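Residues 1 to 471 (full-length UniProt numbering) are what the sequence shown spells out, left to right.
Where is the CB? At the ideal position from N, CA and C, for every residue including glycine.
It should be emphasised that the depicted structure is a prediction, and the values quoted were computed from it without experimental measurement.
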Amino acid sequence: MDDPHAPELPKMRRCFLHMAAVFVFLVVVASSLLIVETSVRAANITEPTENWIEQILKGLFKQDQYPDPLPKQTPLPLPTKFMQLSLSEAMELFLKQNLDLIIAHYGIDAAKGRHITARLFPNPTLNVNTLSSYTQGCQMSTCGAVGPSVSQLFEVAGKRGYRIRAAELEVLSVEARFEDAVRQLGFTLKDNYFRVQRQRGHLSIDQRALNILIKLLQPDKKKQFTSDLERTRLGLLTVNTEAEVLRDLQRVEDASGDLRVMLRLSPDVELDLETPLIYRSLDLKLDELMEYASQNRPDIRALRLVRDRRKTQLQLAKVIPYPNVTANLGYAVQGPHGPDNQQQWGFGLSVPIPVFDRNQGGIMEAEVASKAAEAEVEKALIQMQNDIGVAYRKVLHSKKLVDVTNGAIDRATTVFQSAQEGYAKNEIGILDLENSRRSYGDTEISHLDALFGYYENLLLLERSTGRNIML
């Protein structure tokens with residue numbers, strides 16, 4: 001029997017052949033286009049490197065199109081609060097709001113509580129005893145007795161006085177340690193304060209240099225660029241200076257954040273620091289600083305108070321073997337038939353006998369603690385004297401460095417101004433301008449860093465002596 005679909009098979013084969021031919025044609029066309037596009041890209045890549053750099057720079061600085069006098073930047077969200085602070089105001093705010101100082105002040109209250117406890121007497125003891133006989137017709141109402149008594153412990157040999165004195169010395173030592181915390185944290189606060197001023201000084205120097213370079217990029221009839229390469233170099237110098245300005249802004253934010261944390265301020269507060277980083281000559285004498293520190297530095301006073309407290313505890317340990325006396329006073333109420341005489345009074349004294357334990361170990365421990373406290377005081381004095389001597393000499397050296405760099409600022413400024421004028425008149429090239437600009441910036445920054453080092457050494461001297469020098 002014949003297949004009815006047999007005549008349709010040749011038609012289907014021809015249709016498949018046409019479709020395959022069309023597919024092959026499309027593949028060939030797409031491959032040719034891909035090869036052409038790849039060759040064009042390869043030709044573009046093989047262009048000279050100088051032309052590629054020039055195209056990028058022309059994208060930044062096109063012909064007859066110069067940057068604005070100030071660089072356009074995306075406006076940052078403005079802070080919601082603004083606070084002006086001098087150094088003394090910052091210190092006052094710091095003493096009120098710093099959490100570390102608040103925590104340290106709690107220790108004073110705890111020591112005062114222990115002092116109150118040391119002044120209290122031991123509580124008296126109330127005893128109530130009963131007795132009765134239940135033979136020969138006796139019972140509680142006829143032959144019973146009730147004998148209440150009160151006993152009180154009395155410490156002898158001045159033990160209570162020694163405890164009170166030791167507690168008083170503890171309060172004084174804790175207060176001295178609080179003052180020492182103010183000394184240490186105050187140094188950190190002032191250092192952060194002037195560190196912010198230093199970073200803002202760096203920002204001001206770089207911003208001035210950027211404004212000058214932007215001004216030189218402006219079209220001027222007197223100044224014509226000798227080549228596109230010269231304009232490109234000046235543009236690159238401007239871009240690098242602007243990048244340094246942005247890095248300065250980041251450093252300012254970091255330093256300001258540390259200062260806000262110490263002052264317990266929210267991050268949306270913008271600080272305007274009014275105490276400038278300027279040179280101030282101070283008349284300091286090493287002998288007076290040594291004498292003041294040995295008598296008044298808080299940590300030295302705290303160690304001396306701890307030493308006195310240990311000596312008081314040693315005296316207490318030596319009198320502990322003296323037995324304390326317990327006095328007992330009682331009164332007995334009895335029934336009509338006894339057992340003893342009616343309404344009897346009783347008085348007694350009890351004293352422990354110091355046969356075995358005479359606090360030998362406590363005395364030895366107190367002696368060792370007293371000697372260790374004395375050694376701590378001597379160690380702190382030696383360390384204090386060396387710290388003051390080193391800080392004092394560093395202040396003198398940094399003062400000389402400030403004088404040297406201050407004398408070079410005027411010369412560097414004059415050289416940079418002359419270089420700007422010479423460059424505008426085509427008397428010098430871009431390399432000489434760049435060298436003078438770098439020399440000017442380095443001199444300004446060196447003077448600023450020397451001034452900050454002078455302040456930092458003064459702060460070290462202030463911390464070493466415990467004397468207020470900066471305010």
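Unbroken beta strand (DSSP E) run spanning residue i, endpoints
i: residue 240; result: Segment 228-263 is the alpha helix (DSSP H) holding residue 240; no beta strand (DSSP E) there.
i: residue 466; result: Neither: residue 466 is in no beta strand (DSSP E) and is coded neither H nor E.
Residue closest to residue i, alpha-carbon to alpha-carbon, out of the options
i: residue 195; options: 449, 397, 467, 378; result: 449
i: residue 319; options: 358, 343, 288; result: 358
i: residue 279; options: 251, 118, 403; result: 403
i: residue 120; options: 313, 213, 154, 407; result: 154
i: residue 126; options: 354, 331, 422, 455; result: 331
i: residue 210; options: 344, 304, 377, 238; result: 238
i: residue 398; options: 428, 447, 379, 409; result: 447
i: residue 189; options: 229, 132, 257; result: 257
i: residue 122; options: 151, 147, 275; result: 151
i: residue 400; options: 345, 260, 453, 428; result: 453
i: residue 430; options: 110, 251, 366, 234; result: 234
i: residue 374; options: 334, 307, 387, 167; result: 307
i: residue 87; options: 116, 260, 184, 274; result: 274
i: residue 241; options: 263, 213, 259, 229; result: 213
i: residue 90; options: 408, 191, 124; result: 191
i: residue 313; options: 164, 193, 131, 132; result: 164
i: residue 285; options: 469, 95, 372; result: 469
i: residue 424; options: 376, 250, 215, 266; result: 215
i: residue 344; options: 146, 386, 383; result: 146
i: residue 409; options: 442, 143, 378; result: 442
i: residue 294; options: 353, 381, 335, 117; result: 381
i: residue 92; options: 185, 327, 169; result: 185
Rounded Cβ spacing between residue i and residue j (contact assumed at less than 8 angstroms)
i: residue 394; j: residue 460; result: 7 angstroms
i: residue 173; j: residue 302; result: 5 angstroms
i: residue 84; j: residue 272; result: 4 angstroms
i: residue 197; j: residue 277; result: 4 angstroms
i: residue 255; j: residue 207; result: With 8 angstroms as the limit, residue 255 and residue 207 do not qualify as a contact, their Cβ atoms being about 17 angstroms apart.
i: residue 392; j: residue 236; result: Going by Cβ atoms, the distance from residue 392 to residue 236 rounds to 47 angstroms, so no, they are not a contact pair.
i: residue 465; j: residue 292; result: 6 angstroms
i: residue 467; j: residue 298; result: Between residue 298 and residue 467 the Cβ distance is about 11 angstroms, and since that is not below 8 angstroms, they are no contact.
i: residue 171; j: residue 112; result: 6 angstroms
i: residue 202; j: residue 445; result: 6 angstroms
i: residue 480; j: residue 329; result: Residue 480 lies beyond the residue range present for the chain, which begins at 1 and ends at 471; the question has no answer from this structure.
i: residue 355; j: residue 325; result: Not a contact, Cβ separation roughly 17 angstroms.
i: residue 304; j: residue 370; result: Not confirmed; about 13 angstroms, so no contact.
i: residue 462; j: residue 187; result: 7 angstroms
Reduced DSSP category for residue i - H, G, I as helix; E, B as strand; rest coil
i: residue 275; result: coil
i: residue 335; result: strand
i: residue 135; result: coil
i: residue 81; result: strand
i: residue 415; result: helix
i: residue 194; result: helix
i: residue 145; result: strand
i: residue 324; result: coil
i: residue 349; result: strand
i: residue 97; result: helix
i: residue 123; result: coil
i: residue 201; result: helix
i: residue 107; result: helix
i: residue 158; result: coil
i: residue 86; result: coil
i: residue 295; result: helix
i: residue 343; result: coil
i: residue 218; result: coil
i: residue 266; result: coil
i: residue 459; result: helix
Short CB-CB distance (under 7 angstroms) between residue i and chain D
i: residue 147; result: In the displayed structure, chain D is absent; only one protein chain is listed.
Heavy atom of the ligand ATP within 6 angstroms of residue i beta-carbon
i: residue 239; result: No copy of the ligand ATP occurs in the structure displayed, which carries no ligand at all.
Residue i: first and last residue of the uninterrupted alpha helix (DSSP H) it sits in
i: residue 354; result: Premise fails: residue 354 is in no alpha helix (DSSP H) and is neither H nor E.
i: residue 284; result: That residue, residue 284, is in no alpha helix (DSSP H); it is neither H nor E in DSSP.
i: residue 486; result: It is not possible to answer for residue 486, since the shown part of the chain is limited to 1 through 471.
Q. Do three or more CB pairs link the stretch 90-110 to the stretch 134-143 at distances below 8 angstroms?
A. no
Q: Please determine if the stretch 361-370 and the stretch 146-162 are in contact, where contact requires at least 3 C-beta pairs separated by less than 8 angstroms.
A: no
Q: Count the CB pairs spanning the stretch 316-336 and the stretch 404-421 that are closer than 8 angstroms, and state whether there are at least three.
A: no
Q. Per the contact definition of three or more C-beta pairs closer than 8 angstroms, is the stretch 419-436 in contact with the stretch 241-252?
A. no
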